[in-house]
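Worksheet: one structure, shown below.
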Amino acid sequence: MAGARHEGLTRVLPPVWLVYLIGFVPAVAYFTLGIMDRLGADPQNVLERALGLWALRFLVAGLAVTPLRRSFGLNLVRYRRAIGLLAFWYACLHLTVYLVLDQGLDGAAIWADILKRPYITVGMAAFTLLVPLAATSNAFSIRRLGAGWNRLHKLVYPAALLAALHFLMLVKAWPPEPLIYLALVAALLAYRIVEPRLRKPGARGRAAQAR
Amino acid sequence: MLIGRTQDIAPSEITPKQAWLDRRRFLGAAGGLGAGLILGHGAGAAPLSAAPSAFSTDEPKTPKEDVTSYNNFYEFGTGKSDPKANAGALTTSPWSIKVDGLVNKPGEYALEDILKGVSLEERVYRMRCVEGWSMVIPWIGFPLSEIAKRAEPQGSAKYVRFETLVRPAEMSGQRSILPILDWPYVEGLRMDEAMHPLTILATGLYGETLPNQNGAPVRLVVPWKYGFKGIKSIVRISFVEAQPRTSWMISSPREYGFFANVNPAVDHPRWSQKTERRIGEGGIFVKRRETLPFNGYADQVASLYSGMDLKTFF
Ligand code: HEM
Chain U
1 MAGARHEGLT RVLPPVWLVY LIGFVPAVAY FTLGIMDRLG ADPQNVLERA
51 LGLWALRFLV AGLAVTPLRR SFGLNLVRYR RAIGLLAFWY ACLHLTVYLV
101 LDQGLDGAAI WADILKRPYI TVGMAAFTLL VPLAATSNAF SIRRLGAGWN
151 RLHKLVYPAA LLAALHFLML VKAWPPEPLI YLALVAALLA YRIVEPRLRK
201 PGARGRAAQA R
Chain V
212 MLIGRTQDIA PSEITPKQAW LDRRRFLGAA GGLGAGLILG HGAGAAPLSA
262 APSAFSTDEP KTPKEDVTSY NNFYEFGTGK SDPKANAGAL TTSPWSIKVD
312 GLVNKPGEYA LEDILKGVSL EERVYRMRCV EGWSMVIPWI GFPLSEIAKR
362 AEPQGSAKYV RFETLVRPAE MSGQRSILPI LDWPYVEGLR MDEAMHPLTI
412 LATGLYGETL PNQNGAPVRL VVPWKYGFKG IKSIVRISFV EAQPRTSWMI
462 SSPREYGFFA NVNPAVDHPR WSQKTERRIG EGGIFVKRRE TLPFNGYADQ
512 VASLYSGMDL KTFF
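Note that the protein sequences, when read in sequence, are chains U and V.
For what it's worth, my numbering labels the leading residue of the first sequence as 1, then goes sequentially.
For what it's worth, my numbering labels the leading residue of the second sequence as 212, then goes sequentially.
Written out as structure tokens, the structure reads:
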């Protein structure tokens, strides 16, 4: 996928496994500090929130790959799968902390939360959309699904939007962080709409192909 | 905030707050010797003695470190650790409370004068935040009814309205370009709630004067209501006829009611109120515990609400 043109640059970029390794550092750090009870007054909530925030950060990073390449000539496409899967795994950890530590696997309470608390409903919707994306993030699925794979993976757009909305919905008043993340996601999605129109007609076909 | 003349305190005894501040700034600017020394700048915590109270719970207290580092005080930022980081900038001495409205003796009451006439008690209370966590805090304070004793509310006064200081120069959250809340922070109580012996104005915790992040120098504590009712750094107490519109009611009327009694049967749209996490208990493996009606103070306060539908008046 990366294309031979960028082979020179590609060689100085770190290998993909390093992205996974670095990507999991926050999770390991938070769980370690959590077990040592070094996460402040409300450690369970700090852990839960940190994992959610990293999931959102990786979603945003994943959405930034295409604009970076098209508008800034920086090709990080080879890391996109790793970034996307990191987002998914952080969302899994986030959900697991919620289910196991926060709710103590109390089925009735969890079900009530999902149905009654809009921010949980929206978070759950975001997570659900990520599942098929993670399940098809492999060479076999890409080959099998063909053009359908591209269409399927557009689900990351609503997923990111819902995730940012989930963040905004769970805060009281108007702190800046969720607004910043929502603005980032909105800008990255708007780019998909605006950028192809700004391109010269000749270039448009190529852009569409490259997604 | 305009400061009026008081009627029962000699004008020489009190100095308008703005004048104090201006003088302090002037001294500072003139390179004078520590203005704080002369004017009693109340930065550090000072020991505070208090008599024990029968209203105290004997549940294990939340560690002081947690009580003073995990705070909601949006005047200093929306993060839980922002108040501790930013509240040091607040000047809490001198401090006075404007008491006005339907009272016989309105006026600007200097906090030290109020404190001369009351006996401080330690009240170890449970504190339940609307966000689903709780603490057990050894407050030091005196019944709010002491203020009424001095101000002599008239029969037409049905509610008490409270205001927090507005001083953007020292309160970083009030400088935010985002509309965090409608300043000043406003809270209110019905008269009978305000006069209830459990309701106190706190000036200290853990045997010392209040740290700024906990609402120095004086704050409200109403243990059977969600924590946001406990308005901090109070500069005005008004006795009024109509139910006050509180900051949180203005911010989100669907989520925050006037009464805000702790009630596991009434869900908040964002947080289930059936259970709570006790801060300082169990680290990341902390187990939720059941939330009690009126935060466990039902025996003392449920009668205030007999005949009221608490789902409507949440
Ligand atoms: C793509 C999926 C998701 C993303 C990206 C995400 C992201 C976030 C973010 C950014 C936060 C706030 C972090 C902060 O305050 O710094 C958060 C908090 C939270 N999320 Fe999620 N989330 C997702 C899915 C879920 C799901 C499926 C659930 C539960 C079913 C959930 C439950 C929560 C809870 C309980 C909190 C903490 C709320 C509080 O402390 O009051 N999230 N999430």
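We put the CB at the ideal spot given by N, CA and C, even for glycine.
What's the gap between the Cα of U/Ala50 and the Cα of V/Trp459?
-> 27 Å
Does U/Tyr119 have its Cβ less than 8 Å from a Cβ in chain V?
-> yes
Using a Cβ-Cβ cut-off of less than 9 Å, list which residues of the region 283 to 317 of chain V approach chain U; keep chain order.
-> Asn283, Tyr285, Gly288, Thr289, Gly290, Lys291, Ser292
According to the neighbour-count rule (16 or more other Cβ atoms, all chains shown, within 10 Å of its Cβ), is V/Lys309 buried or exposed?
-> buried
Can you give the Cα-Cα distance for V/Lys443 and V/Arg499, rounded to whole angstroms?
-> 28 Å
Quick one: what's got a C-beta closer than 7 Å to V/Ser292's C-beta in the same chain, skipping five residues either side?
-> Ser280
Say the cut is 7 Å; is the CB of U/Gly84 nearer than that to a heavy atom of ligand 1?
-> no
Between V/Phe525 and V/Gly468, is the Cβ-Cβ spacing less than 8 Å?
-> yes
Using beta-carbon positions only, say whether V/Val347 and V/Thr268 come within less than 8 Å of one another.
-> yes
Per DSSP, which one or two residues make a beta bridge with V/Leu431?
-> V/Leu412
Minimum Cβ-Cβ distance from U/Gly52 to chain V less than 8 Å = No, U/Gly52 does not count as interfacial toward chain V.
From the DSSP output, in three-state form, read off V/Ile490 for me.
-> coil
V/Gly215: buried (16+ other C-beta within 10 angstroms of its C-beta) or exposed?
-> Per-residue confidence for V/Gly215 stands at a pLDDT of 40, beneath the threshold of 50, marking its modelled position as unreliable; no derived number is given.
Assign U/Val19 to buried or exposed, taking buried as 16 or more other Cβ atoms, counted over all protein chains shown, within 10 Å of its Cβ.
-> Buried, by the Cβ-count rule.
Taking a Cβ distance cut-off of 9 Å, strictly less, list which residues of the region 164 to 189 of chain U are near chain V, in chain order.
-> For the region 164 to 189 of chain U, the set of residues with a beta-carbon nearer than 9 Å to any beta-carbon of chain V comprises Met169, Leu170, Val171, Lys172, Ala173, Trp174, Pro175, Pro176, Glu177, Leu179, in chain order.
Ignore the nearest five residues each way along the sequence and tell me which others in U/Leu30's own chain have a CB closer than 8 Å to its CB.
-> Note that residue 30 of chain U corresponds to Tyr in the displayed sequence, not to Leu. Here the set comprises Leu39, Val46, Leu47, Ala50, Leu51.
Determine, using beta-carbon pairs with one atom in the region 142 to 155 of chain U and one in the region 167 to 176 of chain U, whether at least three such pairs fall under 8 Å.
-> Verdict: no, contact absent.
Where do the ends of the alpha helix (DSSP H) carrying U/Ala164 lie?
-> 156 to 169
Should U/His153 be counted as a contact of ligand 1 given a C-beta to heavy atom distance under 7 Å?
-> Of the heavy atoms belonging to ligand 1, none sits nearer than 7 Å to the Cβ of U/His153.
Proximity below 8 Å, CB of V/Glu487 to CB of V/Lys369 | no
Given that a residue counts as buried once 16 or more other Cβ atoms are within 10 Å of its Cβ, and exposed if not, what is V/Thr410?
-> It counts as buried.
U/Met36 lies in the beta strand (DSSP E); which residues open and close that run?
-> No beta strand (DSSP E) holds U/Met36; DSSP gives it neither H nor E.
Does the Cβ of U/Lys262 have 16 or more other Cβ atoms within 10 Å, making it buried, or fewer, making it exposed?
-> For chain U, the structure presents residues 1 to 211; residue 262 of chain U sits outside this window and is missing.
With which residues is V/Ile371 paired in a DSSP beta bridge?
-> In the sequence under discussion, the amino acid at residue 371 of chain V is Val, which differs from the Ile named in the question. Paired residue(s): V/Leu400, V/Phe450.
Determine the chain U residues that contact V/Gly438 at a beta-carbon separation under 7 Å, and present them in chain order.
-> Under the 7 Å cutoff, chain U gives no residues; its nearest Cβ is about 12 Å from V/Gly438.
U/Ala160 versus U/Pro15: straight-line alpha-carbon distance, rounded | 26 Å
Tell me whether V/Tyr336 sits in a helix, a strand or coil according to DSSP, three-state version.
-> strand
Going along the chain, which unbroken runs of the alpha helix (DSSP H) with 4 or more residues stay wholly within the region 346 to 371 of chain V?
-> 356 to 362
Can you find a CB in chain V that lies within less than 8 Å of the CB of U/Lys154?
-> Closer than 8 Å: no.
Can you tell which of V/Ala296, V/Phe266, V/Pro379, V/Pro271 has its C-alpha closest to the C-alpha of V/Pro422?
-> It is V/Ala296 whose Cα lies nearest to the Cα of V/Pro422.
Taking just the CA atoms, how far does V/Asp393 sit from V/Lys522?
-> Looking at the two C-alpha atoms, the distance is approximately 26 Å.
Would V/Thr375 be called buried (16 or more neighbouring beta carbons within 10 Å of its own) or exposed?
-> buried
Determine the direct distance from the alpha carbon of V/Val377 to that of U/Arg199, and round the result to whole angstroms.
-> 52 Å
Step through the CB atoms of chain U and report whether any lies within less than 8 Å of the CB of V/Leu322.
-> no
Report the three-state DSSP secondary structure of U/Arg192 (helix, strand or coil).
-> helix
Is U/Ala126 close to chain V, meaning its C-beta is less than 8 Å from at least one C-beta of that chain?
-> no
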